[in-house]
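Enquirer: My questions will all concern the structure given below.
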Amino acid sequence: MCETSFSLGLQERMQRLQELTDFTESCQAELKGLFEGLGWSQESDLHAVQMEVCPYDPNHTVPRDKMEKHKASCELSKLGYSKEEQAEMYDPSVYYEKANIPSITMDKDTFHQVILQTRENAPHMRSTGLHTHSDTSTDLPDIPQNHKRALCELTVADRLAIYDHVIQEASQQSAKKESNNEDLYVDLVAKLKKEEQSGPKSHLEVLAEMRDYRRRRQSYRAKNVHITKKSYTEVCELWASEKGRSASVESRESRVSSRDEHGHKRHRKHSRSRSRARKNKCKR
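My numbering applies: residue 2 is where the sequence shown begins, and numbers increase by one.
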C-alpha cells in the first residue's frame, strides 16, 4: 500500500516537471522569435546600455552617453525655444580655440548678480545719460540664448550692464596674459649686463676695457690716415683750395646764365624791331 502511494506521487511529480519543462521551452521559443523579429540578441542584456532619467523631464529615459546632449535640448524646450530656434543655435567656442581673443562665459548666478547690482546702483530719479531704477527688469530673467530673446526679455539698462561686465572681464583677462608674457620680451642679456655693471669692476674687466680702447683708437687712425698724416697747415691749404675751386665753378655758372639771359633779351628786342618794320611797310 505504501509502495503504491509512493509510486503515484513520483509519477505525479514527474508529470508536473515535464509540464514545466514544456512551458519553459515554449516560452524560450516565443522569446527567440520575438528577438529575431526585432533584430535583437538574447545576449544583449549582458552588455546592456545604462539608462538615466532626464532631470528636466522624468518621463525621458536616455542612455548615459547621450545624456548631456539631451539635457541641453530638453532645457531649451522647457524654456520655450522651438526646434527651429534650436537648429539655428551654435556653440561659438569653436572660433575662440586658437584665436588670441578673450572669451567670457557667464552662468546664471553671475547673470542675475549683474542685473541686481545694476538695479541697486540705478538712481530713482531720471537724469541725463543714466538709466533709472524703473529701466531695469523687475523679475530676474533667464539667460537669453539668441538675439531675439535678448531684445525681448532684457531692457536697455540690462543689456548695457551685461556689456560693461563683459568688457571689464575681457580687459582683466588681457592684463593677466600680458603680465604672464612679460618675461618673454625681456632682454636677458641686457638685464644681466646691467646687473653686472652695478657692482665693482674686476681687474680682468678693466684690462679688457683698456684693450678695447686701444683697438678702437688704432682703427680710427687707420680709417683717417689721409688726414692724420697731414699737418695743420696742409689741411688748411686743402680746405682753401677746395673752397676756391667751388667758388670758381659757381662764378662760371653765373656768367653762363647771365650770357644766356642777355642773348635772350637781344633776341626779343630784334624780333620786336622786325615786327615794327613789317607793320610800317604794310601802312605804306
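By construction, the Cβ of each residue, glycine as well, lies at the ideal position given by its N, Cα and C atoms.
Which residues in the same chain as His166 place their Cβ atom closer than 6 Å to its Cβ, once the five residues preceding and following it in sequence are excluded?
Expert: Along the sequence shown, one-based indexing puts residue 166 at 165. Hits under 6 Å: Val115.
Enquirer: Output the distance between the C-alpha atoms of Ala151 and Leu161, rounded to the nearest integer angstrom.
Expert: Numbered from its first residue, the sequence shown carries residue 151 at position 150. Numbered from its first residue, the sequence shown carries residue 161 at position 160. One C-alpha to the other measures close to 12 Å.
Enquirer: What does the Cβ neighbour count give for Asp140, buried or exposed, with the cut at 16 atoms within 10 Å?
Expert: For this step, residue 140 is matched to residue 139 along the sequence shown. Burial call: exposed.
Enquirer: Quick check: the Cα distance between Ser27 and Pro59, rounded to an integer number of angstroms?
Expert: Along the sequence shown, one-based indexing puts residue 27 at 26. Along the sequence shown, one-based indexing puts residue 59 at 58. C-alpha separation (whole angstroms): 37 Å.
Enquirer: To which residues does DSSP link Met15 through a beta bridge?
Expert: For this step, residue 15 is matched to residue 14 along the sequence shown. Answer is none; Met15 lacks a bridge partner.
Enquirer: Alpha carbon to alpha carbon, how far is Gln173 from Arg120?
Expert: The residue labelled residue 173 in the question sits at position 172 within the sequence shown. The residue labelled residue 120 in the question sits at position 119 within the sequence shown. Straight-line Cα distance between these residues: approximately 24 Å.
Enquirer: Check whether the Cβ atoms of Gln146 and Met68 sit closer than 8 Å, and answer yes or no.
Expert: The residue you call residue 146 lines up with position 145 of the sequence shown. The residue you call residue 68 lines up with position 67 of the sequence shown. No, these two residues do not count as a Cβ contact at 8 Å.
Enquirer: Anyone know if the C-beta pair for Pro64 and Ala171 falls short of 8 Å?
Expert: On the sequence shown, position 63 is the one that residue 64 refers to. On the sequence shown, position 170 is the one that residue 171 refers to. No, the pair does not count as a contact, with Cβ atoms beyond the cut-off.
Enquirer: Which residues does DSSP pair with Met52 in a beta bridge?
Expert: For the purposes of this step, residue 52 is taken as the residue at position 51 of the sequence shown. Pro64.
Enquirer: Please go through the same chain and pick out, in chain order, the residues whose beta-carbon is closer than 8 Å to the beta-carbon of His113, but skip the five residues on each side of it.
Expert: As a working note, residue 113 is residue 112 in the sequence shown. Same-chain partners within the cutoff: Leu141.
Enquirer: Expressed to the nearest angstrom, what Euclidean distance is found between the alpha-carbon atoms of Ala209 and Thr234?
Expert: Locating residue 209 in the sequence shown gives position 208, counting from the first residue. Locating residue 234 in the sequence shown gives position 233, counting from the first residue. The alpha-carbon atoms of Ala209 and Thr234 are separated by roughly 38 Å.
Enquirer: If you measure between the beta carbons of Ile168 and Met107, is that distance less than 8 Å?
Expert: On the sequence shown, position 167 is the one that residue 168 refers to. On the sequence shown, position 106 is the one that residue 107 refers to. Contact: no.
Enquirer: From Glu98 to Ser175, what distance separates their C-alpha atoms?
Expert: Position 97 of the sequence shown, counting from 1, holds the residue named residue 98. Position 174 of the sequence shown, counting from 1, holds the residue named residue 175. Going by the C-alpha atoms only, they are around 16 Å apart.
Enquirer: Could you spell out the range, first to last residue, of the alpha helix (DSSP H) harbouring Gln146?
Expert: By 1-based counting over the sequence shown, the position of residue 146 is 145. That residue, Gln146, is in no alpha helix (DSSP H); it is neither H nor E in DSSP.
Enquirer: What would DSSP say about Tyr233, mapped onto helix, strand or coil?
Expert: One-based indexing of the sequence shown puts residue 233 at position 232. Three-state result, Tyr233: helix.
Enquirer: Going by the CB atoms, is the gap between Tyr96 and Cys75 shorter than 8 Å?
Expert: Against the sequence shown, residue 75 aligns to sequence position 74. Against the sequence shown, residue 96 aligns to sequence position 95. The answer is no: Cβ separation not under 8 Å.
Enquirer: Could you tell me the alpha carbon to alpha carbon distance between Met52 and Lys178, rounded to whole angstroms?
Expert: Here residue 52 is taken as the residue at index 51 of the sequence shown, counted from 1. Here residue 178 is taken as the residue at index 177 of the sequence shown, counted from 1. Near 43 Å, if we compare the C-alpha coordinates of Lys178 and Met52.
Enquirer: Can you tell me the Cα-Cα spacing of Ser252 and Arg246, whole angstroms?
Expert: Mapped onto the sequence shown, residue 252 falls at position 251. Mapped onto the sequence shown, residue 246 falls at position 245. Roughly 10 Å separates the two Cα atoms.
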